[in-house]
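When we follow my numbering, the leftmost residue of the sequence shown carries the number 3, and every step to the right adds one.
Don't be surprised by glycine CBs; every beta carbon is placed ideally from N, CA and C.
One structure below.
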Amino acid sequence: MVWAFLYGIWIKGVIQYLANRWHTLTGVPTSIATAKILTRWFNLFLAATILAVMPLWWNILSSLSAQVLWTWSGRPAPLLYFWIPIVIITTLLVILATRIGKAFRVLERLNLVILWTMFFALWGAVLLATRPDWGAFFGNLFIPKPIPPYEEWVEKAAPDIWALTPFLLLGTALGALGGGIQDYVGYQAMLKEKGWALLRYSDEMVKKVHERGLAKVEIPEDLDARRKLNGWLWHSRFDTGLSFFMVFIVTIPAVILTIEVLRPRQMAPSGLSLVQAQVAWLTETLGPWAAVIWWLGAFFALWGTYYSLHEVYAYTIYDMLRGTFKRFADISLTRVKLYLWPYLIIVGSIFFLTGYSLPILAAFATAATHLFALALWGIALLYLNLRYLPKSYRPHIVIIILAIIGIAIYLPYGIIQLIQVFIPTFRI
(Lines of atoms letter the chains of each structure in order from A and count residues from 1; the text may use other names and numbers.)
(Lines give C-alpha, C1' and ligand atoms only; values in the text may rest on other atoms or scores of the structure.)
Protein backbone atom coordinates (compact mmCIF):
# COMPACT_ATOMS: atom_id res chain seq x y z
CA MET A 1 0.00 0.00 0.00
CA VAL A 2 3.06 2.26 -0.17
CA TRP A 3 1.80 3.63 -3.48
CA ALA A 4 -1.19 5.22 -1.69
CA PHE A 5 1.12 7.54 0.28
CA LEU A 6 2.77 8.75 -2.93
CA TYR A 7 -0.49 9.23 -4.81
CA GLY A 8 -2.01 11.04 -1.81
CA ILE A 9 0.89 13.52 -1.87
CA TRP A 10 0.44 13.98 -5.63
CA ILE A 11 -3.27 14.73 -5.21
CA LYS A 12 -2.64 17.34 -2.52
CA GLY A 13 0.22 18.83 -4.49
CA VAL A 14 -2.02 19.24 -7.55
CA ILE A 15 -4.73 20.99 -5.52
CA GLN A 16 -2.15 23.30 -3.95
CA TYR A 17 -0.67 24.02 -7.39
CA LEU A 18 -4.10 25.03 -8.74
CA ALA A 19 -4.30 27.62 -5.95
CA ASN A 20 -0.74 28.84 -6.43
CA ARG A 21 -0.97 29.16 -10.23
CA TRP A 22 -4.24 31.11 -9.98
CA HIS A 23 -2.74 33.57 -7.49
CA THR A 24 0.49 33.88 -9.51
CA LEU A 25 -1.23 34.52 -12.85
CA THR A 26 -3.95 36.88 -11.63
CA GLY A 27 -2.69 38.46 -8.42
CA VAL A 28 -6.11 37.61 -6.95
CA PRO A 29 -6.00 35.52 -3.74
CA THR A 30 -8.19 32.43 -3.87
CA SER A 31 -10.43 33.41 -0.95
CA ILE A 32 -11.82 36.55 -2.55
CA ALA A 33 -12.29 34.66 -5.84
CA THR A 34 -14.30 31.88 -4.17
CA ALA A 35 -16.33 34.44 -2.22
CA LYS A 36 -17.34 36.16 -5.46
CA ILE A 37 -18.19 33.07 -7.51
CA LEU A 38 -19.63 30.83 -4.76
CA THR A 39 -20.83 33.56 -2.35
CA ARG A 40 -19.35 34.35 1.01
CA TRP A 41 -21.29 31.42 2.53
CA PHE A 42 -18.85 29.01 0.91
CA ASN A 43 -15.94 30.84 2.53
CA LEU A 44 -17.75 31.03 5.87
CA PHE A 45 -18.35 27.27 5.82
CA LEU A 46 -14.68 26.61 5.07
CA ALA A 47 -13.58 29.16 7.68
CA ALA A 48 -15.82 27.63 10.35
CA THR A 49 -14.42 24.17 9.59
CA ILE A 50 -10.86 25.47 9.61
CA LEU A 51 -11.28 27.44 12.86
CA ALA A 52 -12.85 24.43 14.56
CA VAL A 53 -9.92 22.22 13.60
CA MET A 54 -6.99 24.60 14.16
CA PRO A 55 -6.90 24.22 17.99
CA LEU A 56 -7.09 20.45 17.57
CA TRP A 57 -3.93 20.42 15.44
CA TRP A 58 -2.29 22.90 17.82
CA ASN A 59 -3.01 20.50 20.70
CA ILE A 60 -2.01 17.37 18.76
CA LEU A 61 1.34 18.77 17.58
CA SER A 62 2.29 20.49 20.84
CA SER A 63 1.40 17.33 22.78
CA LEU A 64 3.31 14.99 20.45
CA SER A 65 6.35 17.31 20.48
CA ALA A 66 6.37 17.14 24.27
CA GLN A 67 5.74 13.39 24.25
CA VAL A 68 8.84 12.77 22.14
CA LEU A 69 11.09 14.51 24.69
CA TRP A 70 9.17 12.95 27.58
CA THR A 71 9.50 9.40 26.23
CA TRP A 72 13.09 9.92 25.06
CA SER A 73 14.14 11.01 28.56
CA GLY A 74 12.47 8.02 30.23
CA ARG A 75 9.35 9.81 31.49
CA PRO A 76 10.97 11.24 34.64
CA ALA A 77 8.05 13.58 35.41
CA PRO A 78 4.45 14.17 34.31
CA LEU A 79 4.01 15.03 30.63
CA LEU A 80 2.68 18.47 31.65
CA TYR A 81 6.19 19.49 32.77
CA PHE A 82 7.48 18.90 29.25
CA TRP A 83 4.46 20.34 27.46
CA ILE A 84 4.46 23.73 29.23
CA PRO A 85 8.08 24.63 28.23
CA ILE A 86 7.41 23.53 24.63
CA VAL A 87 4.39 25.85 24.42
CA ILE A 88 6.08 28.80 26.14
CA ILE A 89 9.34 28.61 24.16
CA THR A 90 7.56 28.16 20.82
CA THR A 91 5.17 31.04 21.54
CA LEU A 92 8.07 33.34 22.46
CA LEU A 93 9.93 32.37 19.28
CA VAL A 94 6.99 33.11 16.97
CA ILE A 95 6.32 36.41 18.76
CA LEU A 96 10.01 37.37 18.44
CA ALA A 97 10.01 36.54 14.72
CA THR A 98 6.93 38.74 14.25
CA ARG A 99 8.35 41.62 16.31
CA ILE A 100 11.53 41.81 14.23
CA GLY A 101 9.42 41.75 11.07
CA LYS A 102 11.02 38.66 9.58
CA ALA A 103 8.50 35.95 10.43
CA PHE A 104 8.19 34.74 6.84
CA ARG A 105 11.95 34.62 6.26
CA VAL A 106 12.54 32.90 9.62
CA LEU A 107 9.86 30.33 8.77
CA GLU A 108 11.41 29.57 5.37
CA ARG A 109 14.91 29.12 6.80
CA LEU A 110 13.71 27.13 9.80
CA ASN A 111 11.78 24.77 7.55
CA LEU A 112 14.89 24.21 5.41
CA VAL A 113 17.01 23.41 8.47
CA ILE A 114 14.38 21.04 9.87
CA LEU A 115 13.77 19.28 6.56
CA TRP A 116 17.46 18.62 5.90
CA THR A 117 18.04 17.54 9.52
CA MET A 118 15.18 15.06 9.18
CA PHE A 119 16.37 13.92 5.76
CA PHE A 120 19.91 13.03 6.83
CA ALA A 121 18.89 11.67 10.25
CA LEU A 122 16.08 9.41 9.08
CA TRP A 123 17.63 8.20 5.84
CA GLY A 124 21.00 7.69 7.52
CA ALA A 125 19.46 5.43 10.13
CA VAL A 126 17.45 3.45 7.58
CA LEU A 127 20.28 2.93 5.08
CA LEU A 128 22.67 1.78 7.79
CA ALA A 129 20.23 -0.48 9.64
CA THR A 130 18.08 -2.09 6.93
CA ARG A 131 18.47 -3.99 3.70
CA PRO A 132 15.06 -3.64 2.04
CA ASP A 133 14.19 -5.18 -1.31
CA TRP A 134 14.45 -1.93 -3.27
CA GLY A 135 13.07 -3.45 -6.46
CA ALA A 136 9.89 -4.59 -4.72
CA PHE A 137 9.67 -1.31 -2.80
CA PHE A 138 9.81 0.91 -5.89
CA GLY A 139 7.53 -1.46 -7.77
CA ASN A 140 4.90 -1.09 -5.04
CA LEU A 141 5.58 2.64 -4.85
CA PHE A 142 4.60 3.55 -8.40
CA ILE A 143 2.17 0.80 -9.42
CA PRO A 144 -1.24 0.87 -7.68
CA LYS A 145 -2.21 -2.57 -6.41
CA PRO A 146 -5.24 -3.83 -4.46
CA ILE A 147 -4.75 -4.07 -0.71
CA PRO A 148 -4.17 -7.76 0.12
CA PRO A 149 -6.22 -9.46 2.88
CA TYR A 150 -4.92 -8.83 6.39
CA GLU A 151 -2.64 -11.46 7.85
CA GLU A 152 -4.19 -13.28 10.82
CA TRP A 153 -1.88 -11.78 13.44
CA VAL A 154 -3.21 -8.27 12.68
CA GLU A 155 -6.57 -9.13 14.32
CA LYS A 156 -4.94 -9.46 17.74
CA ALA A 157 -2.08 -6.99 17.32
CA ALA A 158 -4.16 -4.16 15.81
CA PRO A 159 -7.93 -4.66 16.18
CA ASP A 160 -8.53 -1.03 15.16
CA ILE A 161 -6.86 -1.71 11.78
CA TRP A 162 -8.57 -5.10 11.46
CA ALA A 163 -11.94 -3.36 11.87
CA LEU A 164 -11.27 -1.11 8.88
CA THR A 165 -12.33 -2.29 5.45
CA PRO A 166 -9.60 -2.08 2.78
CA PHE A 167 -11.63 0.76 1.25
CA LEU A 168 -11.32 2.89 4.39
CA LEU A 169 -7.72 1.91 5.05
CA LEU A 170 -6.84 3.10 1.56
CA GLY A 171 -8.55 6.44 2.26
CA THR A 172 -6.53 6.85 5.45
CA ALA A 173 -3.28 6.24 3.56
CA LEU A 174 -4.22 8.66 0.77
CA GLY A 175 -4.85 11.45 3.28
CA ALA A 176 -2.10 10.63 5.76
CA LEU A 177 0.81 12.71 4.44
CA GLY A 178 0.90 16.44 3.90
CA GLY A 179 -1.44 18.94 5.49
CA GLY A 180 -4.98 20.07 4.93
CA ILE A 181 -6.91 23.08 3.75
CA GLN A 182 -6.01 24.94 6.96
CA ASP A 183 -2.40 24.88 5.70
CA TYR A 184 -2.89 25.21 1.95
CA VAL A 185 -4.96 28.42 2.00
CA GLY A 186 -2.17 29.93 4.09
CA TYR A 187 0.59 28.69 1.77
CA GLN A 188 -1.22 30.26 -1.18
CA ALA A 189 -1.62 33.56 0.70
CA MET A 190 2.06 33.60 1.68
CA LEU A 191 3.06 33.63 -1.98
CA LYS A 192 2.54 37.39 -2.10
CA GLU A 193 5.71 37.70 -0.01
CA LYS A 194 7.67 36.20 -2.94
CA GLY A 195 6.41 38.79 -5.44
CA TRP A 196 6.36 36.52 -8.50
CA ALA A 197 4.50 37.77 -11.60
CA LEU A 198 1.28 39.52 -10.45
CA LEU A 199 1.66 38.41 -6.82
CA ARG A 200 3.21 41.79 -6.02
CA TYR A 201 -0.19 43.38 -6.75
CA SER A 202 -2.12 41.02 -4.48
CA ASP A 203 -3.23 43.70 -1.98
CA GLU A 204 -4.45 46.01 -4.74
CA MET A 205 -6.31 43.17 -6.46
CA VAL A 206 -8.24 42.35 -3.27
CA LYS A 207 -9.64 45.89 -3.18
CA LYS A 208 -10.29 45.93 -6.93
CA VAL A 209 -12.29 42.68 -6.88
CA HIS A 210 -14.28 43.86 -3.85
CA GLU A 211 -15.23 46.99 -5.82
CA ARG A 212 -15.83 45.53 -9.29
CA GLY A 213 -16.47 41.83 -8.74
CA LEU A 214 -14.71 38.95 -10.47
CA ALA A 215 -15.04 38.75 -14.23
CA LYS A 216 -13.04 36.64 -16.63
CA VAL A 217 -9.44 37.66 -16.01
CA GLU A 218 -7.83 39.58 -18.85
CA ILE A 219 -4.21 38.48 -19.22
CA PRO A 220 -2.09 39.43 -22.24
CA GLU A 221 -1.84 36.45 -24.59
CA ASP A 222 0.90 37.64 -26.92
CA LEU A 223 3.97 35.43 -27.20
CA ASP A 224 6.21 37.63 -25.04
CA ALA A 225 3.66 37.89 -22.20
CA ARG A 226 2.98 34.15 -22.28
CA ARG A 227 6.69 33.40 -22.15
CA LYS A 228 7.16 35.63 -19.09
CA LEU A 229 4.12 34.37 -17.20
CA ASN A 230 4.84 30.73 -17.99
CA GLY A 231 8.34 31.36 -16.69
CA TRP A 232 6.87 32.55 -13.40
CA LEU A 233 4.63 29.48 -13.34
CA TRP A 234 7.75 27.33 -13.38
CA HIS A 235 8.73 28.98 -10.10
CA SER A 236 5.34 28.03 -8.70
CA ARG A 237 5.57 24.46 -10.02
CA PHE A 238 9.06 24.00 -8.61
CA ASP A 239 8.13 25.49 -5.23
CA THR A 240 5.01 23.33 -4.89
CA GLY A 241 6.66 20.20 -6.25
CA LEU A 242 9.71 20.49 -4.01
CA SER A 243 7.61 21.10 -0.90
CA PHE A 244 5.46 18.02 -1.39
CA PHE A 245 8.39 15.89 -2.56
CA MET A 246 10.27 16.71 0.65
CA VAL A 247 7.24 15.79 2.77
CA PHE A 248 7.16 12.43 1.03
CA ILE A 249 10.90 11.77 1.02
CA VAL A 250 11.35 12.43 4.76
CA THR A 251 8.37 10.21 5.63
CA ILE A 252 9.37 7.17 3.58
CA PRO A 253 12.18 6.11 6.00
CA ALA A 254 9.56 5.61 8.72
CA VAL A 255 7.49 3.51 6.31
CA ILE A 256 10.53 1.38 5.39
CA LEU A 257 11.51 0.88 9.02
CA THR A 258 7.93 -0.06 9.89
CA ILE A 259 7.95 -2.74 7.17
CA GLU A 260 11.38 -4.04 8.19
CA VAL A 261 10.79 -4.07 11.95
CA LEU A 262 7.12 -4.59 12.72
CA ARG A 263 5.87 -7.15 10.23
CA PRO A 264 8.51 -9.81 11.04
CA ARG A 265 7.77 -9.33 14.76
CA GLN A 266 3.99 -9.24 14.20
CA MET A 267 3.67 -5.88 15.95
CA ALA A 268 1.38 -2.98 15.09
CA PRO A 269 1.92 -0.15 17.59
CA SER A 270 0.74 3.38 16.85
CA GLY A 271 1.77 6.90 17.80
CA LEU A 272 4.90 7.12 19.96
CA SER A 273 4.72 3.38 20.67
CA LEU A 274 5.64 2.96 17.01
CA VAL A 275 8.62 5.30 17.40
CA GLN A 276 9.70 3.41 20.54
CA ALA A 277 9.58 0.07 18.71
CA GLN A 278 11.66 1.52 15.88
CA VAL A 279 14.14 3.05 18.34
CA ALA A 280 14.50 -0.24 20.24
CA TRP A 281 15.30 -2.08 17.02
CA LEU A 282 17.78 0.58 15.87
CA THR A 283 19.52 0.43 19.26
CA GLU A 284 19.84 -3.35 19.00
CA THR A 285 21.08 -3.15 15.42
CA LEU A 286 23.37 -0.11 15.37
CA GLY A 287 23.72 1.06 18.95
CA PRO A 288 22.42 3.97 21.10
CA TRP A 289 23.65 6.64 18.68
CA ALA A 290 21.13 5.48 16.06
CA ALA A 291 18.32 5.90 18.58
CA VAL A 292 19.43 9.48 19.24
CA ILE A 293 19.33 10.25 15.51
CA TRP A 294 15.84 8.77 15.17
CA TRP A 295 14.49 10.66 18.19
CA LEU A 296 15.93 13.90 16.80
CA GLY A 297 14.24 13.27 13.46
CA ALA A 298 10.91 12.54 15.15
CA PHE A 299 11.13 15.64 17.35
CA PHE A 300 12.01 18.04 14.54
CA ALA A 301 9.27 16.59 12.35
CA LEU A 302 6.64 17.34 14.99
CA TRP A 303 7.99 20.50 16.59
CA GLY A 304 8.84 22.07 13.23
CA THR A 305 5.25 21.60 12.11
CA TYR A 306 4.00 22.95 15.45
CA TYR A 307 6.14 26.09 15.12
CA SER A 308 5.15 26.64 11.50
CA LEU A 309 1.41 26.40 12.05
CA HIS A 310 1.38 29.69 14.01
CA GLU A 311 2.45 31.65 10.94
CA VAL A 312 0.67 29.53 8.32
CA TYR A 313 -2.65 29.55 10.19
CA ALA A 314 -2.43 33.33 10.59
CA TYR A 315 -2.06 33.71 6.81
CA THR A 316 -5.02 31.37 6.27
CA ILE A 317 -7.39 33.43 8.43
CA TYR A 318 -5.89 36.66 7.06
CA ASP A 319 -6.70 35.54 3.51
CA MET A 320 -10.19 34.35 4.47
CA LEU A 321 -11.06 37.60 6.26
CA ARG A 322 -9.80 39.89 3.48
CA GLY A 323 -11.51 37.87 0.80
CA THR A 324 -14.86 37.34 2.50
CA PHE A 325 -15.50 40.77 4.02
CA LYS A 326 -14.83 44.07 2.27
CA ARG A 327 -14.39 45.90 5.58
CA PHE A 328 -11.42 43.65 6.39
CA ALA A 329 -9.62 44.26 3.07
CA ASP A 330 -6.99 46.38 4.86
CA ILE A 331 -6.63 44.24 7.98
CA SER A 332 -3.03 43.60 8.96
CA LEU A 333 -1.52 40.17 9.50
CA THR A 334 -0.32 41.28 12.94
CA ARG A 335 -3.87 42.09 14.00
CA VAL A 336 -5.01 38.63 12.92
CA LYS A 337 -2.25 37.09 15.03
CA LEU A 338 -3.34 39.11 18.08
CA TYR A 339 -6.70 37.33 18.03
CA LEU A 340 -5.83 33.95 16.49
CA TRP A 341 -2.85 32.95 18.61
CA PRO A 342 -4.62 33.42 21.99
CA TYR A 343 -7.56 31.42 20.57
CA LEU A 344 -5.24 28.56 19.58
CA ILE A 345 -3.42 28.58 22.91
CA ILE A 346 -6.53 28.79 25.11
CA VAL A 347 -8.73 26.28 23.27
CA GLY A 348 -5.81 23.96 22.46
CA SER A 349 -4.71 23.99 26.11
CA ILE A 350 -8.24 23.10 27.23
CA PHE A 351 -8.14 20.03 24.98
CA PHE A 352 -4.74 19.06 26.39
CA LEU A 353 -5.60 19.61 30.06
CA THR A 354 -8.95 17.82 29.85
CA GLY A 355 -7.28 14.75 28.36
CA TYR A 356 -9.16 14.38 25.10
CA SER A 357 -7.99 11.36 23.11
CA LEU A 358 -5.41 12.40 20.51
CA PRO A 359 -6.40 9.63 18.05
CA ILE A 360 -10.05 10.75 18.14
CA LEU A 361 -9.10 14.41 17.69
CA ALA A 362 -6.73 13.50 14.85
CA ALA A 363 -9.38 11.34 13.15
CA PHE A 364 -11.90 14.20 13.15
CA ALA A 365 -9.36 16.85 12.13
CA THR A 366 -7.99 14.71 9.29
CA ALA A 367 -11.41 13.82 7.89
CA ALA A 368 -12.63 17.42 8.11
CA THR A 369 -9.69 19.31 6.64
CA HIS A 370 -7.33 16.82 4.96
CA LEU A 371 -10.10 15.19 2.95
CA PHE A 372 -13.61 16.72 2.96
CA ALA A 373 -12.98 20.49 3.02
CA LEU A 374 -9.86 20.09 0.86
CA ALA A 375 -11.95 18.35 -1.81
CA LEU A 376 -14.54 21.16 -1.77
CA TRP A 377 -11.77 23.73 -2.12
CA GLY A 378 -10.29 21.69 -4.97
CA ILE A 379 -13.61 21.83 -6.86
CA ALA A 380 -13.68 25.62 -6.49
CA LEU A 381 -10.06 25.97 -7.64
CA LEU A 382 -10.61 23.77 -10.67
CA TYR A 383 -13.65 25.85 -11.65
CA LEU A 384 -11.69 29.10 -11.20
CA ASN A 385 -8.81 27.95 -13.38
CA LEU A 386 -11.05 26.62 -16.16
CA ARG A 387 -13.79 29.26 -16.16
CA TYR A 388 -11.97 32.54 -15.45
CA LEU A 389 -8.56 32.14 -17.10
CA PRO A 390 -7.92 32.61 -20.83
CA LYS A 391 -7.60 29.32 -22.66
CA SER A 392 -3.85 29.65 -23.16
CA TYR A 393 -3.30 29.90 -19.39
CA ARG A 394 -5.55 27.07 -18.26
CA PRO A 395 -4.01 24.03 -16.53
CA HIS A 396 -2.61 21.16 -18.57
CA ILE A 397 -5.02 18.27 -19.16
CA VAL A 398 -2.89 16.02 -16.91
CA ILE A 399 -3.31 18.45 -14.00
CA ILE A 400 -7.06 18.58 -14.63
CA ILE A 401 -7.38 14.79 -14.69
CA LEU A 402 -5.31 14.35 -11.51
CA ALA A 403 -7.37 17.03 -9.75
CA ILE A 404 -10.66 15.37 -10.75
CA ILE A 405 -9.43 11.95 -9.59
CA GLY A 406 -8.23 13.41 -6.29
CA ILE A 407 -11.47 15.26 -5.62
CA ALA A 408 -13.52 12.16 -6.51
CA ILE A 409 -11.52 10.17 -3.95
CA TYR A 410 -11.19 12.70 -1.14
CA LEU A 411 -14.80 13.89 -1.01
CA PRO A 412 -16.50 10.52 -0.30
CA TYR A 413 -13.67 9.36 1.97
CA GLY A 414 -13.94 12.57 3.98
CA ILE A 415 -17.71 12.22 4.40
CA ILE A 416 -17.43 8.55 5.41
CA GLN A 417 -14.67 9.18 7.93
CA LEU A 418 -16.52 12.15 9.45
CA ILE A 419 -19.55 9.91 9.97
CA GLN A 420 -17.36 7.23 11.55
CA VAL A 421 -15.91 9.67 14.08
CA PHE A 422 -19.40 10.15 15.52
CA ILE A 423 -20.84 6.71 14.62
CA PRO A 424 -17.95 4.23 14.95
CA THR A 425 -20.15 1.30 13.93
CA PHE A 426 -20.89 2.83 10.52
CA ARG A 427 -19.51 0.62 7.75
CA ILE A 428 -19.61 0.44 3.95
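Check                                                                                                            : Outcome
Contact check, Leu-342 vs Val-128, beta carbons under 8 Å                                                        : no
Where Thr-427 falls, given that 16 or more other Cβ within 10 Å makes a residue buried                           : exposed
Separation of Ala-369 from Leu-383, as counted between CA atoms                                                  : 20 Å
Inter-residue Cα distance where the pair is Leu-216 and Ser-238                                                  : 23 Å
Distance, Gly-173 Cα to Tyr-415 Cα                                                                               : 6 Å
Which listed residue (Ala-375, Ala-49, Ile-261, Leu-388) has its alpha carbon closest to that of Leu-20          : Leu-388
Contact check, Ile-34 vs His-212, beta carbons under 8 Å                                                         : yes
Cβ-based burial, Thr-28 [other Cβ within 10 Å; buried from 16]                                                   : buried
Nearest-angstrom Cα separation, counted from Thr-285 out to Ala-123                                              : 14 Å
Where the alpha helix (DSSP H) containing Gly-228 begins and where it ends                                       : In the sequence as displayed, the identity of residue 228 is Arg instead of Gly. It spans 225-267 - the alpha helix (DSSP H) in which Arg-228 sits, taken as one unbroken run.
Own chain partners of Gln-422 with C-beta closer than 6 Å, once the 5 adjacent residues on each side are dropped : Phe-428
Inter-residue Cα distance where the pair is Tyr-395 and Ala-405                                                  : 17 Å
Unbroken alpha helix (DSSP H) run spanning Trp-379, endpoints                                                    : 375-389
Cβ distance (whole Å) where Ala-37 is taken to contact Asn-45 below 8 Å                                          : 5 Å
Which listed residue (Ala-316, Leu-376, Ala-375, Gly-325) has its alpha carbon closest to that of Thr-42         : The sequence as given places Arg at residue 42; Thr does not occur at that position. Of Ala-316, Leu-376, Ala-375, Gly-325, the residue nearest in Cα terms is Gly-325.
CA-to-CA distance, Tyr-309 to Thr-371, given in whole angstroms                                                  : 19 Å
Supposed contact pair Trp-125 and Pro-255 - C-beta distance, whole angstroms, cut 8 Å                            : 5 Å
Start and end residues, alpha helix (DSSP H) containing Pro-57                                                   : 32-74
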